[in-house]
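Chemist: One structure, pasted below without further comment.
Protein chains: 2
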Amino acid sequence: MTENETDTEQKIFEAACRIFEQKGFDGARMQEIADEADINKSMLHYYYRSKDKLFQKVYQKEMGRFLPVIFDLWNADLPLDKKIREVVEAYYAFLNENPRIAQFVIHEMNQNPERFQDFLAKLDLKVPQNFNRQIDREIKQENINEIDPRQLIISVVALTHFPVIARTMVKSINNFDDEAFQQFMEERKQFLVDFILNGINYQK
Amino acid sequence: MTENETDTEQKIFEAACRIFEQKGFDGARMQEIADEADINKSMLHYYYRSKDKLFQKVYQKEMGRFLPVIFDLWNADLPLDKKIREVVEAYYAFLNENPRIAQFVIHEMNQNPERFQDFLAKLDLKVPQNFNRQIDREIKQENINEIDPRQLIISVVALTHFPVIARTMVKSINNFDDEAFQQFMEERKQFLVDFILNGINYQK
DNA sequence: GTCTATATAACGATAGAC
DNA sequence: GTCTATCGTTATATAGAC
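In the order they appear, the protein sequences are chains A and B. Residues 1 to 204 (this note's numbering) are what the first sequence spells out, left to right. Residues 205 to 408 (this note's numbering) are what the second sequence spells out, left to right.
Put into structure tokens, the structure is as follows:
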């Protein structure tokens, strides 16, 4: 019966992830999570004691998945143009598989900045030092404009993540259905790589 | 006594704006709004009947302020480089005066896409047709790369708005206090204008 | 219009049978 | 482990005195 235990617990957790991602902590209802998991509400308390503790688990999982992806590739040993393409594609792949995670991160981060800061500190993410040096070199060799690497990183994150976070607005304004939105985002991928490399005046 | 009536009603409304912006509909408490307005909780119901109706008013005010700003300047009769600078500066000015509005819009839009779509339809915002034509001309004259004007607009919104929405993350990652963040954003303004114009390969 | 007191409903959490 | 029934709290909302 160990399998059934694990199974129930996991069904609850996965349902909680979906509901918390959609509604946030304040908007989520324990009953709703129970319904989503197709499991009796008491089981949520049996396995996780409280809404708060269940949320903590979800929070750690989602933040722990989201944040490393943001930084992972910047330190890679790749030429700048290839790196930009890889980062954009990695962001796209991740956001495609996790369409609501960015929205969750943004909202819960703003609701409780201290908790976010504490969590970030524990993650011990590497500041992209290699990338800073790479940008320095490229500037000295006059391959790109003089830019602050931090401005570039946040710009790439913004350009890729914002349309996903603001998907409702992008769809409404352009009268996109889901399919048209998906196509728009696919076209955007190539646009972004060119836009970013031109943006820093990259000379091959 | 008409003055006192209006005064109380407005104090409530302004407090409600601040609380709903920070906490969202689900996270906001009527008692908290009453405290923020320094007014008895019953008065909220006396003037606005319900939390929902009070929120509707706030929603309409905030959305009605936010959305026009996004589109206003794109149709202006300005050369492209000047237009980009003006738009970026207009976005900056608005977000500086309303530091939490973008976060509010994003969250409530995602919580209820249908309501957002309905509201947007009623606003009857002009699609930036003039801007589309301007981009067409610039492409034909080979002043810029072949780009989709919709991709450019959303990119400019993303580059300016994302750091504000994700302010907590930007601050935490870079170990910025409020002052350092403000300076980073100020430096970013010039970075963005160059980055965007280079991004579309603008030739003066 | 403003206050206190209270009704009503929703939600998180627990007890206890099986 | 799982279910039903229910407790205790909190939140919205209203009634009624002033």
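Virtual Cβ for every residue (Gly too), placed ideally from N, Cα, C.
Just to confirm my understanding: we take glutamate 207 (chain B), look at its own chain, exclude 5 residues before and 5 after, and list those with CB closer than 8 Å. What are they?
Modeler: Confidence at glutamate 207 (chain B) is low in this model, with a pLDDT of 45, below 50, so the placement of that residue is unreliable and no value is reported for it.
Chemist: Does the beta carbon of glutamine 407 (chain B) sit closer than 8 Å to a beta carbon anywhere in chain A?
Modeler: No - not a single Cβ of chain A is within 8 Å of the one on glutamine 407 (chain B).
Chemist: Which of helix, strand or coil does DSSP assign to isoleucine 400 (chain B)?
Modeler: Isoleucine 400 (chain B) falls in the helix class under three-state DSSP.
Chemist: For the segment 76-151 of chain A, list the alpha helix (DSSP H) runs that are entirely contained and at least 4 residues long, ordered along the chain.
Modeler: Correct list: 80-97, 101-111, 113-123 and 129-140.
Chemist: Going along chain A, which residues have a C-beta under 7 Å from valine 368 (chain B)?
Modeler: By Cβ distance, chain A contributes nothing, its closest Cβ being about 10 Å from valine 368 (chain B), past 7 Å.
Chemist: Assign glutamate 346 (chain B) to one of two classes, buried (16 or more other C-beta atoms within 10 Å of its C-beta) or exposed (fewer than that).
Modeler: With fewer than 16 other Cβ atoms within 10 Å, it is exposed.
Chemist: Who are the neighbours of glutamine 111 (chain A) on chain B, taking C-beta pairs under 9 Å?
Modeler: The contacting residues are Gln226, Lys227, Gly228 and Gly231.
Chemist: Nearest by alpha-carbon distance to leucine 120 (chain A): which of A:Phe71, A:Asp35, A:Asp148 and A:Asn96 is it?
Modeler: Answer by Cα proximity: A:Phe71.
Chemist: Please confirm if methionine 169 (chain A) has its CB atom under 8 Å from at least one CB of chain B.
Modeler: Yes - at least one Cβ of chain B is within 8 Å of the one on methionine 169 (chain A).
Chemist: Is any beta-carbon of chain A found at less than 8 Å from that of aspartate 398 (chain B)?
Modeler: Yes, aspartate 398 (chain B) counts as interfacial toward chain A.
Chemist: Starting from the C-beta of proline 272 (chain B), find all residues in its chain whose C-beta is less than 6 Å away, skip the five residues before and the five after it, and write them out in chain order.
Modeler: Cβ neighbours of proline 272 (chain B) beyond the five flanking positions: none.
Chemist: Between the alpha carbons of asparagine 112 (chain A) and lysine 257 (chain B), how many angstroms are there, rounded?
Modeler: Rounded to the nearest angstrom, the two C-alpha atoms are 27 Å apart.
Chemist: Of the choices B:Val262, B:Ile377, B:Ala362 and B:Glu240, whose alpha-carbon is the least far from that of glycine 228 (chain B)?
Modeler: The option with the nearest alpha carbon to glycine 228 (chain B) is B:Val262.
Chemist: Given that a residue counts as buried once 16 or more other Cβ atoms are within 10 Å of its Cβ, and exposed if not, what is threonine 210 (chain B)?
Modeler: The residue is exposed, with fewer than 16 neighbouring Cβ atoms inside 10 Å.
Chemist: Whole angstroms is fine: what's the gap from arginine 150 (chain A)'s alpha carbon to valine 397 (chain B)'s?
Modeler: Computed Cα separation, rounded: 16 Å.
Chemist: Decide if the segment 287-298 of chain B is in contact with the segment 233-242 of chain B; the criterion is three or more beta carbon pairs, one per stretch, under 8 Å apart.
Modeler: No, because fewer than three Cβ pairs between the segment 287-298 of chain B and the segment 233-242 of chain B fall closer than 8 Å, the two stretches do not touch.
Chemist: Looking only at its chain, what residues have a beta carbon closer than 7 Å to the beta carbon of isoleucine 157 (chain B), apart from the 5 residues adjacent to it on each side?
Modeler: The shown model of chain B, from 205 to 408, leaves out residue 157 (chain B), and the question about it has no answer.
Chemist: Assign isoleucine 243 (chain B) to one of three DSSP states: helix, strand, or coil.
Modeler: Correct three-state label for isoleucine 243 (chain B): coil.
Chemist: Quick check: is the beta carbon of methionine 1 (chain A) nearer than 8 Å to any beta carbon in chain B?
Modeler: At methionine 1 (chain A), the pLDDT of 39 sits below 50, so the modelled position is not reliable; the number obtained from the coordinates is stated separately. So, not an interface residue.
Chemist: Inspect the beta-carbon positions of valine 400 (chain B) and isoleucine 288 (chain B) and report whether they are closer than 8 Å.
Modeler: Reading the sequence as shown, one finds isoleucine at residue 400 (chain B) and not valine. Yes, the pair counts as a contact, with Cβ atoms nearer than the cut-off.
Chemist: Buried or exposed for glycine 199 (chain A), going by 16 or more other Cβ atoms inside 10 Å?
Modeler: Classification of glycine 199 (chain A): buried, given that the 10 Å Cβ count is 16 or more.
Chemist: Under 7 Å from any heavy atom of the ligand GTP, does the C-beta of asparagine 349 (chain B) make it?
Modeler: Questions concerning the ligand GTP fall outside what the structure shown contains, since it holds no ligand whatsoever.
Chemist: In whole angstroms, what separates the C-alpha of asparagine 379 (chain B) from that of valine 127 (chain A)?
Modeler: For asparagine 379 (chain B) and valine 127 (chain A), the distance between alpha carbons rounds to 11 Å.
Chemist: Applying the criterion that 16 or more other CB atoms from any shown protein chain within 10 Å of the CB defines a buried residue, is asparagine 96 (chain A) buried or exposed?
Modeler: Looking at its Cβ environment, which holds fewer than 16 other Cβ atoms inside 10 Å, asparagine 96 (chain A) is exposed.
Chemist: In the DSSP assignment, the alpha helix (DSSP H) including phenylalanine 275 (chain B) goes from what residue to what residue?
Modeler: Start and end: 255-276.
Chemist: Within 10 angstroms of the Cβ of serine 254 (chain B), are there 16 or more other Cβ atoms? Answer buried if so, exposed if not.
Modeler: The residue in question, serine 254 (chain B), is exposed, as its Cβ has fewer than 16 Cβ neighbours within 10 Å.
Chemist: Identify each residue in the segment 334-364 of chain B for which the Cβ-Cβ distance to at least one residue of chain A is less than 8 Å, and report them in chain order.
Modeler: Within the segment 334-364 of chain B, the residues whose Cβ lies closer than 8 Å to some Cβ of chain A are Asn349, Ile351, Asp352, Arg354, Gln355, Ile358, Ser359, Val361, Ala362 and Leu363, listed in chain order.
Chemist: Whose CA, out of B:Lys393, B:Met389, B:Asn349 and B:Leu329, lies closest to the CA of tryptophan 278 (chain B)?
Modeler: That would be B:Leu329, whose Cα lies nearest to the Cα of tryptophan 278 (chain B).
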